[in-house]
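Mind the numbering: the sequence shown is residues -24 to -1, 1 to 90 in mature numbering (1 follows the signal peptide of the UniProt record, and there is no 0), read in order.
Note sheet for the following structure.
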Amino acid sequence: YVTCFILRLITILTFQVTSNQSTAHDEHNQEVISIHSTAHDEHNQEVISIHSTAHDECNQEVISNQSTAYNERNECNERNERNKINECNEYNGCNGCDRCNGCDRCNGCNGCDG
């Protein structure tokens, strides 16, 4: 009877130790997997973030360059239109040297200082 009791006690203790080791092993693996997964996610997010930022900066730069070119064209067109209007007004409607602005094509304004 005593021998049977001792054998049963040894079996119970062995099972408990094995169970504790298994749990500890699983927790360790889960922790490692979790850390690895988190690091992997952070890396992906960082890469995505950097890529996204670079992509946005590139787009903004392209948009900015296009806008600048568009603005330059507009300014150039506006200057040309103003010059044409001024030339037309000066040439066709110049009634005195004060309005001539030195334009020697204006009627009667050949002697303007300018």
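Note that CB positions come from ideal geometry on N, CA and C, so glycine has one too.
Does any heavy atom of the ligand PLP sit closer than 8 Å to the C-beta of residue i?
i, result
"N53", "No copy of the ligand PLP appears in this structure; indeed no ligand is present at all."
Any idea if residue i is buried or exposed, counting beta-carbon neighbours within 10 angstroms, 16 or more meaning buried?
i, result
"G69", "Because G69 carries a pLDDT of 48, less than 50, the predicted location of this residue cannot be relied on, and the following value inherits that uncertainty. Looking at its Cβ environment, which holds fewer than 16 other Cβ atoms inside 10 Å, G69 is exposed."
For residue i, collect the residues of the same chain with a Cβ closer than 6 Å to its Cβ; drop the 5 residues on either side in sequence, then sort them by chain order.
i, result
"R(-17)", "none"
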